[in-house]
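Enquirer: Questions regarding the structure given below will be posed in turn.
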Amino acid sequence: MTPEPTKLPELLLSHHTEPTELDENMECGVCNTEVKKNSFLEHLECCAAGTKIPHLMMNVFFLEEEVIARDDILEKNFLHLINDEPLELRNQNCLYCSNADMHADGLCRNVKRTHFLGGMFQNSANEYFDMIKLIHSLKNHATVLMLKLQQKRKMDRIILLLQVVFRIENAENLMECLPADAIEVLKKIERKDTEAVKKMRLELRKIAEEELNFSELARNLCLEEMVKELLTMDIKNPRISPFEFVNTA
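What follows is the structure, encoded as structure tokens:
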């Protein structure tokens with residue numbers, strides 16, 4: 108069931124993509140070991156060596172941090188709007204203007220607080236949600252690969268055991284040397300593993316859709332509450348001077 112949004116305005120938009128605390132445990136999908144997040148990639152380099160998994164998860168962590176950074180500057184600029192403080196540019200880019208020429212014209216300096224806020228949300232929405240979708244895609248791909256690697260290692264152990272039990276020296280001749288009932292057991296395990304992967308993919312896809320919908324809802328609700336705050340400020344303390352800007356990295 109999709110969780111309820113936090114009470115707004117909480118000024119935290121990326122509810123589901125917030126990075127895990129560095130000292131929080133994450134479970135490795137290959138060996139089921141609990142690992143601290145700040146050691147997770149190092150663990151995967153060993154546990155999933157020779158696979159795409161470490162690289163996929165590295166990109167997931169990077170994108171999670173990027174989403175949080177984008178939330179952070181929206182939240183900061185909301186507070187700057189409330190307090191009549193200079194607004195932050197990000198890498199010299201105005202969050203209200205859609206291009207550098209528009210910003211050079213200075214139209215953004217004289218819009219209402221609520222219009223500036225709405226422009227920030229609107230201009231960042233597509234890229235923001237594309238990043239969230241990519242996070243889910245990369246994470247889900249890594250999760251499935253972890254399960255497949257776990258299944259492969261399990262099957263390798265079973266095959267090694269069968270080689271010992273039936274004294275089969277060459278693994279390439281395994282199926283020819285095994286009795287029918289042992290072959291059927293192997294096929295049953297393979298079918299079960301294939302079904303497990305299929306089930307996981309469906310579950311992960313469903314979770315990703317639910318979390319994306321929730322993120323969109325939370326972002327819209329957050330914008331609504333922020334607009335209410337700014338409308339109140341416009342009544343109490345109407346803005347008469349143009350916006351000022353300061354660049355942040």
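Throughout the sequence shown, residue numbering follows the working numbering, covering 108 to 356 in sequence. Ideal Cβ positions, reconstructed from N, Cα and C, are used throughout, including at glycine. Since the structure is predicted, the reported quantities are computational estimates derived from the model, not experimental observations.
1. Count the other C-beta atoms from every protein chain shown that fall within 10 angstroms of the C-beta of Ala211, then say buried if there are 16 or more, exposed otherwise.
2. Measure how close the beta-carbons of Pro161 and Leu148 come, nearest whole angstrom, since I'm counting them as under 8 Å.
3. Hey, how far is the Cα of Met238 from the Cα of Met262?
4. Rounded to whole angstroms, how far is the Cβ of Met164 from the Cβ of Leu151, which I believe are closer than 8 Å?
5. Is the distance from the Cβ of Leu241 to the Cβ of Leu170 below 8 Å?
6. Measure the C-alpha to C-alpha separation of Phe168 and Asn145 and round it to an integer number of angstroms.
7. Would you give the residue range spanned by the beta strand (DSSP E) that Val353 belongs to?
8. If you count every other CB in all the chains shown that lies within 10 Å of the CB of Asp178, and 16 or more means buried, which is it?
9. Taking just the CA atoms, how far does Met307 sit from Lys267?
10. Can the beta-carbon of Asn206 be found closer than 8 Å to that of Leu194?
11. Is the Cβ-Cβ distance between Asn217 and Pro345 less than 8 Å?
12. Just checking my contact of Leu328 with Thr221 at CB under 8 Å: how many whole Å lie between their CB atoms?
13. For Glu195, list the residues DSSP reports as bridge partners.
14. With distances taken between CB atoms, is the gap from Asn190 to Leu245 smaller than 8 Å?
15. Tell me which residue opens and which closes the beta strand (DSSP E) that Lys143 is part of.
16. To the nearest whole angstrom, what separates the beta carbons of Thr158 and Leu256, a pair I think is in contact under 8 Å?
17. For the alpha helix (DSSP H) holding Asn230, just list the boundary residues, first then last.
18. Straight-line CA distance for Arg326 to Leu224?
19. Going by beta-carbon coordinates alone, are Cys204 and Phe352 separated by less than 8 Å?
Expert: According to the structure data:
1. With fewer than 16 Cβ atoms within 10 Å of its Cβ, Ala211 is classed as exposed.
2. The beta carbons of Pro161 and Leu148 sit about 6 Å from each other, so the pair counts as a contact at 8 Å.
3. Our two residues, Met238 and Met262, have alpha carbons roughly 36 Å apart in a direct line.
4. With a Cβ gap of about 6 Å, Met164 and Leu151 count as contacting.
5. By the CB criterion at 8 Å, Leu241 and Leu170 fall inside the cutoff.
6. One alpha carbon belongs to Phe168, the other to Asn145, and they sit about 10 Å apart.
7. In this chain, the beta strand (DSSP E) harbouring Val353 covers Phe352 to Thr355.
8. Buried.
9. Rather than Lys, the amino acid found at residue 267 in this sequence is Leu. If you take the alpha carbons of Leu267 and Met307, they lie about 27 Å apart.
10. Judged by beta-carbon spacing, Leu194 lies beyond the 8 Å limit of Asn206, meaning their Cβ atoms are not closer than that value.
11. The criterion of a C-beta distance shorter than 8 Å is not satisfied by Asn217 and Pro345.
12. So it is not a contact: roughly 16 Å between Cβ atoms.
13. DSSP lists Val353 as the bridge partner or partners of Glu195.
14. Their beta carbons are not under 8 Å apart, which means Asn190 does not touch Leu245 by this criterion.
15. Counting along the chain, the beta strand (DSSP E) containing Lys143 begins and ends at Glu141 to Lys143.
16. About 6 Å separates the two Cβ atoms, so the contact holds.
17. From DSSP, the alpha helix (DSSP H) with Asn230 extends over Arg220 to Val272.
18. Near 12 Å, if we compare the C-alpha coordinates of Leu224 and Arg326.
19. The beta carbons of Cys204 and Phe352 sit no closer together than 8 Å.
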